[in-house]
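Here the sequence shown is numbered in the working numbering, starting from 769 and rising by one per residue.
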Amino acid sequence: MKKSTKFPNSQPSSVQVGNTDISFSSSARNLGFTISSDMTLNKHISNICRSAYFELRKIATIRHTLSVQTTNTLVCSLVLSKLDYCNSLLSGCPLYLLHKLQKVQNSAARLILKARKKDHVTPLRRTLHWLPIQARIEYKLSTLCFHFFSASSPAYFSELLTVYTPARQLRSSSDSRTLVIPHTKSKAYGQRTFAFCASTQWNSLPSHIRHSQSVQSFKRALKTHLFQKHNS
C-alpha cells in the first residue's frame, strides 16, 4: 500500500509573546490597505465598496437639495477618493474585482447626474470627465513612473524601477525613457508586482507622452490618451 506523501498541516494557530497567546488573523490593515493572508484583494475591495456605498446612500438622502456641482464635489471627496487610494496596488487585479469598483463609480455618476439605472454609463463618465477604474489605475502607475524619471519620487523607487540601457546604441533604441520589464515566472504573483505592472504600463505609452516636459503637460496628455483608449 502506497503511503501518502502529504505532510500534515503543522502551521501554528497562534504565537506566544511572553505569557500571552496571540492568534493569527486572516487579514491586517496597514495605512488603510487590507492585506489578506491568501494574498488576494477580495477583502480590501469589499471594504472599499461597503464604505463607498455607505457614503453614496448618505449623499442620496440630500441629493434633492444639492446642485450637480456640489454633489460632484461631495462624491469626489467622499467616494472617488476611496476608489483611488493606493489604487496602484490594484494593478493586475482580477477583472471581476475591478468590476465591483466600477459598479461603485457607475452608481456615483448616476447619482450626480440623476440618471436612471438603465442609462448607459459611458456618456455619464464623459460628461463628468471621469476615467473608468482600470484607466485610473493606469493613470496612477504612469504618473509614479514620470516622477521617477523627473527625480521627484521617493528614493526607494530606484530599487523598484530600472531604466533600460541597450547593449548597443542604435538609432532605434535612442529612447532614454524606457523601463526594464522584470522577468517573472509567476503570472499569479510575479506579474502583479509594482515593478512589472508599472514598467509595462509606462513602456506602453506613446513616446511623446513619456517625454513630456512638465508634470502638468504629462498629466494632460496622459488623461487624453487614456480617455481615447478606454472610451473608443
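Yeah, the Cβ is synthetic: ideal placement off N, Cα and C, and Gly gets one too.
Given the structure is predicted, the values throughout are model-derived calculations rather than measurements.
Where residue i sits in the DSSP three-state scheme
| i | result |
| --- | --- |
| L869 | helix |
| L909 | helix |
| V983 | helix |
| L928 | helix |
| L947 | strand |
| Q814 | Residue identity check: residue 814 is Ser in the sequence provided, not Gln. Helix. |
| W970 | helix |
| L809 | coil |
| T952 | coil |
| A923 | coil |
| L892 | helix |
| L990 | helix |
| H976 | helix |
| H897 | coil |
| A820 | helix |
| A903 | helix |
| R960 | helix |
| R825 | helix |
| K770 | Bear in mind that a pLDDT of 47 at K770, under 50, signals an unreliable position, so the number given afterwards is only what the model happens to contain. Coil. |
Identified DSSP bridge partners for residue i
| i | result |
| --- | --- |
| V783 | I790 |
| I1009 | Limits of the chain in this structure are 769 at one end and 1000 at the other, which puts residue 1009 out of reach. |
7 Å CB neighbourhood of residue i in its chain, flanking five on each side removed
| i | result |
| --- | --- |
| L994 | L899, A903, E906, Y907 |
| T802 | S795, K811, H812, N815 |
| N999 | T890, R894 |
| A828 | L879 |
| D943 | S975 |
Same chain only: Cβ atoms within 6 Å of residue i, ignoring 5 sequence neighbours per side
| i | result |
| --- | --- |
| N874 | V889 |
| R978 | R945 |
| L869 | L851, I901 |
| C854 | F801 |
| N840 | I880 |
Proximity winner among the options, relative to residue i (alpha-carbon distances)
| i | options | result |
| --- | --- | --- |
| S814 | L866, L848, C854, S856 | L866 |
| F964 | R936, S856, R818, T839 | S856 |
| A877 | S849, V843, S910, L858 | V843 |
| T808 | P934, A923, L858 | L858 |
| L863 | V847, R960, A989 | R960 |
| Y821 | R936, D806, L848 | L848 |
| E927 | K871, F916, L896 | F916 |
| C861 | L896, K886, R818, F962 | F962 |
| L881 | R988, Q837, F986 | Q837 |
| S920 | R936, S982, L990 | S982 |
Nonlocal neighbours in the same chain, by C-beta distance under 8 Å from residue i, ignoring five residues either side
| i | result |
| --- | --- |
| L947 | C913, L929, T930, V931, Y932, A966, S967, W970, N971 |
| I790 | S782, V783, Q784 |
| F775 | Low confidence applies here, because F775 scores a pLDDT of 43, under 50, leaving its location unreliable; read the following figure in that light. Nothing listed; no residue qualifies. |
Where in the segment 829-887 do unbroken runs of the alpha helix (DSSP H), each at least 4 residues long, occur, reported from the N-terminal end onward?
836-843, 849-852, 863-881
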